[in-house]
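Worksheet: the structure to be examined is printed underneath.
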Amino acid sequence: MPVRRLQIWAVSALPCRVIRAMIRFENVTKVYDQTARPALDDVSLEIDRGEFAFLVGASGSGKSTFLRLVLKEDRASSGAVYVAGQNVAKISSWRVPRLRRGIGVVFQDFRLLPQKSVFANVAFAMQVIGKSRSVIRDTVPEVLKTVGLEGKENRLPHELSGGEQQRVAIARAVVNRPGILLADEPTGNLDPTTSMGIMGVLDKINQNGTTVVMATHDDDIVNEMRKRVVELRNGIVIRDEAKALYTSMIPVVGQSRRLRDASGRDESQPPASGERNPGVGEEQR
Amino acid sequence: MRIAFVLGEIGSGLRRNVSMVVSVILVTFVSLTFVGAAGMLQLQINQMKGYWYDKVQVAIFLCSDGSTAAGCATGPVTPEQQDNLQTLLESPAVAQYVNDFQFESKEDAYKHFKEQFSNSPIVDSVTPDQLPSSFRINMKDPEKYQIISETFSSQPGVETVIDQRQLLERLFSAMNAASLVAVSIAGVMIICAILLIATTIRLSAFSRRRETGIMRLVGASKIVIQLPFILEGVIAAVIGAALASGTLWAVAHFFLGEYLSKQYPDTAFISPGQTLILAPALLILGGSLAGISSLLTLRRYLKV
Chain A
0 MPVRRLQIWA VSALPCRVIR AMIRFENVTK VYDQTARPAL DDVSLEIDRG EFAFLVGASG
60 SGKSTFLRLV LKEDRASSGA VYVAGQNVAK ISSWRVPRLR RGIGVVFQDF RLLPQKSVFA
120 NVAFAMQVIG KSRSVIRDTV PEVLKTVGLE GKENRLPHEL SGGEQQRVAI ARAVVNRPGI
180 LLADEPTGNL DPTTSMGIMG VLDKINQNGT TVVMATHDDD IVNEMRKRVV ELRNGIVIRD
240 EAKALYTSMI PVVGQSRRLR DASGRDESQP PASGERNPGV GEEQR
Chain B
0 MRIAFVLGEI GSGLRRNVSM VVSVILVTFV SLTFVGAAGM LQLQINQMKG YWYDKVQVAI
60 FLCSDGSTAA GCATGPVTPE QQDNLQTLLE SPAVAQYVND FQFESKEDAY KHFKEQFSNS
120 PIVDSVTPDQ LPSSFRINMK DPEKYQIISE TFSSQPGVET VIDQRQLLER LFSAMNAASL
180 VAVSIAGVMI ICAILLIATT IRLSAFSRRR ETGIMRLVGA SKIVIQLPFI LEGVIAAVIG
240 AALASGTLWA VAHFFLGEYL SKQYPDTAFI SPGQTLILAP ALLILGGSLA GISSLLTLRR
300 YLKV
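In order, the protein sequences belong to chains A and B. Just so you know, numbering that gives the first Met the number 0 puts 194 at position 195 of the first sequence, and the rest follows in order with no gaps. Just so you know, numbering that gives the first Met the number 0 puts 93 at position 94 of the second sequence, and the rest follows in order with no gaps.
Next up, the structure:
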């Protein structure tokens, strides 16, 4: 039972004293370029264990910077970032891999290894941290089942649809049972129906106890899920609402689009691709 | 599992980069051959110095059976003549120039000869009787050779007085110059090798940036990420070093052993086996050069 195991891991991997906040930002400022405005400006934020949070905002609002700081890909210019109770600035460089083992990451462009099969792509994440062959043989099929890819173990990435590729990427991100899953626009390249399928997988993982933080532009999904929404603009948190919509400013737009997509009959225009694509290049690392 | 994984990564890296790997092998091969050639010249110099070279400067050879020198008209040296010579060496007139002297009997001479010419066919045709006994003198000032020569040349029982250094020093300085040239060429080639290894590793890291990016994200340790790249360079360099060692052995075997030693039977040459003591040094040198240059390259081009 993958569900049971995931829960047990999430609990046992944490320090004895209970830390409620899985991710905590304390007055975090990140400046890339002294002459420009900061990418993140005095952000204070807590994301609790087991929570599902959306990070929304325009391109350049600081979403990706937020995720990079959690992963210790960058160092905060000031303030402190805590992950599972640990100040990441105090983690020595040789311990960073251990921090990253506790965090799964999913990207818009999937980042699968094209010459490896589905099974091998997921197994790769276990091989490189030294898991034994037998553990890999047992775990990978379980995780593939969780993300709904049973029977596709031997396919190559280019033989899969975009949604299936993203499922492989999610499987790879969670196969080592991280306490946190970061998703950077995971549905950015997918159509609405496929996106909802992906959201189902992320929701399932979240229900197994993994904290999920998802940066997105996809208003339909945010509105559908009704989870916590943190909105960033120019590096500042302008909204942090539980069970919120994509935007509280012009609810009509979001609502109407949601209804349209839910009915599944909107053939006149591709869903919001015109809005999303300009941001893609900037958001990618 | 992790070892198997690292090995698999190395294999795929070497396969993807064949042309670069071959060039690394060839450059390290050539550069280390020059390093080895310098080493071989030094070995050869040591071989030619023989037993006495570093200990004494002047040898007084005493008459033996076949001697034809003027002082040997009375035949081989007699014990009295030998005693007289020793007394003369100890007399104040001579002793002021002499640090120390030793007597080398025919048997000693044969022993040292056998050591020095162990690689030469001549050793089998020589018996102790054919070798002269001698006084070996360590001078306080080697420039005062003339005084010893004048004093002893005319003594009965003395075949000849030889300043060994003068004979060999010109040859040695030529060989030292040659090994200096070899070392300088080797230096330039080693710089080439280091730069080439760095470029190769950089390309390799670039062509596998997807894999390494994923490895980083899922929390692979620095060692697991970097080791395949470093070992790739090290393996190529070690193959180059092995080829260089093989070449040196071949030179010693075919050129020195089969050709030169027949042309100059009275010269002591190094044996092919002796060149093999250079092999571990070359392997370590090649491996560590590659390891260090790949490590430095990765530090810049492979974020971990």
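Just so you know, even glycine gets a beta-carbon here, dropped at the ideal spot from N, CA and C. On a predicted model such as this, the values are computed, not experimentally measured, just so you know.
Reference residue i; option with closest CA among the options
i, options, result
"residue 208 of chain B", "A/232, A/111, A/102, A/168", "A/111"
"residue 144 of chain A", "A/118, A/125, A/126", "A/118"
"residue 225 of chain A", "A/193, A/242, A/132", "A/242"
"residue 31 of chain A", "A/68, A/19, A/135", "A/68"
"residue 85 of chain B", "B/133, B/28, B/71", "B/133"
"residue 166 of chain A", "A/147, A/39, A/52, A/123", "A/147"
"residue 179 of chain A", "A/199, A/194, A/205", "A/205"
"residue 38 of chain B", "B/10, B/169, B/185", "B/185"
"residue 287 of chain B", "B/74, B/244, B/72, B/232", "B/232"
"residue 216 of chain B", "A/211, A/215, A/177", "A/177"
"residue 152 of chain B", "B/48, B/87, B/106", "B/87"
"residue 44 of chain A", "A/191, A/244, A/228, A/246", "A/228"
"residue 33 of chain A", "A/66, A/76, A/59", "A/76"
"residue 78 of chain A", "A/182, A/28, A/91, A/238", "A/28"
"residue 18 of chain B", "B/198, B/98, B/103", "B/198"
"residue 194 of chain A", "A/156, A/161, A/122", "A/161"
"residue 58 of chain A", "A/219, A/187, A/85", "A/187"
"residue 46 of chain B", "B/75, B/63, B/112", "B/112"
"residue 212 of chain A", "A/123, A/19, A/48", "A/48"
"residue 233 of chain A", "A/131, A/158, A/60, A/91", "A/60"
"residue 79 of chain B", "B/154, B/28, B/165, B/64", "B/154"
"residue 138 of chain A", "A/215, A/104, A/170", "A/170"
"residue 31 of chain B", "B/211, B/284, B/300, B/173", "B/284"
"residue 247 of chain B", "B/274, B/222, B/263", "B/274"
"residue 100 of chain B", "B/36, B/140, B/212, B/58", "B/58"
"residue 178 of chain B", "B/44, B/107, B/49", "B/44"
Cβ distance (whole Å) where residue i is taken to contact residue j below 8 Å
i, j, result
"residue 34 of chain B", "residue 236 of chain B", "At roughly 13 Å, the Cβ-Cβ gap does not stay under 8 Å, so residue 34 of chain B and residue 236 of chain B are not in contact."
"residue 56 of chain B", "residue 136 of chain B", "7 Å"
"residue 62 of chain A", "residue 231 of chain A", "6 Å"
"residue 164 of chain A", "residue 106 of chain A", "So it is not a contact: roughly 11 Å between Cβ atoms."
"residue 128 of chain A", "residue 218 of chain B", "6 Å"
"residue 209 of chain A", "residue 173 of chain A", "7 Å"
"residue 282 of chain B", "residue 268 of chain B", "Not confirmed; about 24 Å, so no contact."
"residue 42 of chain A", "residue 24 of chain A", "5 Å"
"residue 366 of chain A", "residue 116 of chain A", "In the structure as shown, chain A begins at 0 and stops at 284. Residue 366 of chain A is therefore absent and cannot be evaluated."
"residue 297 of chain B", "residue 16 of chain B", "15 Å between Cβ atoms; not a contact."
"residue 4 of chain B", "residue 126 of chain A", "5 Å"
"residue 120 of chain B", "residue 60 of chain B", "Going by Cβ atoms, the distance from residue 120 of chain B to residue 60 of chain B rounds to 24 Å, so no, they are not a contact pair."
"residue 104 of chain A", "residue 70 of chain A", "7 Å"
Per DSSP, the bridge partner or partners of residue i
i, result
"residue 300 of chain B", "Paired residues: none, contrary to the question."
"residue 81 of chain A", "A/23, A/86"
"residue 57 of chain B", "B/136, B/162"
"residue 219 of chain B", "Residue 219 of chain B pairs with nothing; no bridge assigned."
"residue 53 of chain A", "A/213, A/228"
"residue 99 of chain B", "B/137"
"residue 103 of chain A", "A/180"
"residue 299 of chain A", "Residue 299 of chain A lies beyond the stretch modelled for chain A, which goes from 0 to 284, so this question has no answer here."
"residue 45 of chain A", "A/23"
"residue 39 of chain A", "A/29"
Closer than 8 Å to chain C by CB, residue i
i, result
"residue 148 of chain A", "Note that chain C does not occur in the displayed structure, where the protein chains are A and B."
Contact the stretch 85-98 of chain B vs the stretch 116-123 of chain B: 3+ CB pairs below 8 Å: At 8 Å Cβ cutoff, the stretches do not touch.
The stretch 281-300 of chain B in contact with the stretch 223-243 of chain B per 3-pair CB rule at 8 Å: Flag = yes, the stretch 281-300 of chain B and the stretch 223-243 of chain B touch.
Runs of 4 residues minimum, wholly inside the stretch 117-189 of chain A: which ones carry the alpha helix (DSSP H) assignment? Secondary structure remark: continuous alpha helix (DSSP H) runs of at least 4 residues inside the stretch 117-189 of chain A, in chain order: 117-126, 132-145, 161-173.
Ranges of the alpha helix (DSSP H) found wholly within the stretch 201-242 of chain A, counting only runs of at least 4: Complete alpha helix (DSSP H) runs here, min 4: 218-224.
Quick one: complete alpha helix (DSSP H) runs, 4+ long, within the stretch 131-187 of chain B? Entirely contained in the stretch 131-187 of chain B, the alpha helix (DSSP H) runs reaching 4 residues are, in chain order, 144-152.
Do the stretch 274-289 of chain B and the stretch 239-246 of chain B make contact, defined as three or more Cβ pairs closer than 8 Å? Yes, since at least three Cβ pairs between the stretch 274-289 of chain B and the stretch 239-246 of chain B fall closer than 8 Å, the two stretches touch.
Segments of 4+ residues assigned as alpha helix (DSSP H) that fall wholly inside the stretch 246-284 of chain B: Listed in chain order, they are 271-274.
With contact counted as at least three CB pairs below 8 Å, one residue from each stretch, are the stretch 143-155 of chain B and the stretch 121-130 of chain B in contact? With a cut-off of 8 Å on Cβ pairs, the stretch 143-155 of chain B is not in contact with the stretch 121-130 of chain B, counting fewer than three such pairs.
Does the count of Cβ pairs from the stretch 187-206 of chain B and the stretch 98-105 of chain A closer than 8 Å reach three? Flag = no, the stretch 187-206 of chain B and the stretch 98-105 of chain A do not touch.
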